[in-house]
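Let me begin by presenting the structure, written as structure tokens, before commenting on it.
Right, here's the structure in full:
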């Protein structure tokens with residue numbers, strides 16, 4: 090694992106555009122993203138030069154981890170977290186969050202490696218974080234959109250957000266999206282040790298926890314662009330996990346309210 094922060098970096102960051110937010114870490118989980126990781130990291134570094142990047146690689150067989158190490162060797166603001174194997178998106182982000190908190194970052198950002206989340210829109214999320222605890226990049230608020238997505242994927246995403254919003258009672262239009270900026274205090278208040286969800290259900294889980302904990306959650310519009318290289322990690326198992334977990338959470342929450350139990 091390539092880790093550590095240069096002694097002079099805090100001083101160098103003072104007075105930068107997002108200085109009041111503190112130190113920023115963009116977490117990019119990877120599994121077989123050799124065709125995308127270099128371009129994505131380069132775009133992040135250009136969009137928000139003061140940010141650091143953590144590539145959390147799940148031992149990709151296509152050599153993504155080696156490419157990540159090369160990027161880190163060339164740029165002191167790029168770090169690599171080598172994980173033992175593919176354990177799911179949620180596990181990768183949780184590992185990245187723990188790493189970021191341990192290393193003193195104040196803002197932790199989720200972003201895909203495949204270019205679907207456009208790094209050039211990251212400043213919009215960080216600006217909004219000045220008045221929020223969690224900012225979600227949203228495809229389904231006015232101004233948000235998707236590009237080059239097949240219709241069934243759009244219907245699946247919209248339907249998943251609508252179902253989750255109704256069943257869990259969260260006032261979020263795009264509850265399944267994965268382009269997000271958290272304040273450190275928000276993550277520390279979400280009981281991450283209790284998060285067991287994987288796949289894209291992880292995004293629903295964290296958003297729901299943030300709302301229940303009383304954090305101020307804001308959505309800003311983004312343009313989501315379907316990947317050009319590599320293959321999507323979406324699968325029937327991921328969809329099935331999300332469906333049964335959201336259903337179980339929603340039903341359990343309603344039963345708790347009926348019986349007067351404290352919210353879990």
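Residue numbers (the numbering used here): 90 to 353.
Backbone N, C-alpha and C define an ideal beta-carbon position, used for all residues, glycine too.
Which of helix, strand or coil DSSP assigns to residue 304: Within the chain shown, the letter at position 215 stands for residue 304. In the structure shown, residue 304 sits in coil (DSSP, three-state: anything other than H, G, I, E or B).
Straight-line Cα distance separating residue 265 from residue 227: On the chain shown, residue 227 is found 138 positions in, with the first residue counted as 1. On the chain shown, residue 265 is found 176 positions in, with the first residue counted as 1. Between residue 227 and residue 265, the C-alpha separation is close to 9 Å.
Own chain residues within Cβ distance below 7 Å of residue 281, not counting five before or after: Mapped onto the chain shown, residue 281 falls at position 192. Same-chain partners within the cutoff: 183, 186.
Residue 310, DSSP secondary structure in three states: Taking the first residue of the chain shown as 1, we reach residue 310 at position 221. Note: residue 310 maps to strand in three-state DSSP.
Expected contact under 8 Å - CB spacing of residue 119 and residue 157 to nearest Å: Working through the chain shown from its first residue, we reach residue 119 at position 30. Working through the chain shown from its first residue, we reach residue 157 at position 68. Beta-carbon to beta-carbon, residue 119 and residue 157 are separated by about 7 Å, close enough to satisfy the 8 Å threshold.
Length of the line joining the Cα atoms of residue 148 and residue 350: Sequence index remark: in the chain shown, residue 148 carries index 59 (1-based). Sequence index remark: in the chain shown, residue 350 carries index 261 (1-based). Residue 148 and residue 350: Cα-Cα distance of roughly 43 Å.
Cβ-Cβ distance between residue 125 and residue 203 below 8 Å: Counting from 1 along the chain shown, the entry for residue 125 is found at position 36. Counting from 1 along the chain shown, the entry for residue 203 is found at position 114. A contact, by the Cβ cut-off of 8 Å.
Per-residue DSSP class, three states only, for residue 226: Here residue 226 is taken as the residue at index 137 of the chain shown, counted from 1. In the three-state reduction of the DSSP assignment, residue 226 falls in the strand class, which pools E and B.
Reference residue 237; option with closest CA among 129, 261, 316, 301: Taking the chain shown and counting its residues from 1, one reaches residue 237 at position 148. With distances taken between Cα atoms, residue 237 lies closest to 316.
For residue 236, three-class secondary structure by DSSP: Position 147 of the chain shown, counting from 1, holds the residue named residue 236. Residue state, collapsed to three classes: strand.
Contacts around residue 206, its chain only, beta-carbon distance under 8 Å, and the 5 residues preceding and following it disregarded: Against the chain shown, residue 206 aligns to sequence position 117. Within the same chain, and ignoring the five residues on either side of residue 206 in sequence, the residues whose Cβ sits closer than 8 Å to its Cβ are 200, 226, 267, 268, 311, 313.
Per DSSP, the bridge partner or partners of residue 145: Residue mapping note: residue 145 aligns to position 56 of the chain shown, counting from 1. The bridge partners DSSP lists for residue 145 are 118, 170.
CA nearest to the CA of residue 167, picked from 250, 114, 273: Against the chain shown, residue 167 aligns to sequence position 78. The shortest Cα separation from residue 167 among 250, 114, 273 belongs to 114.
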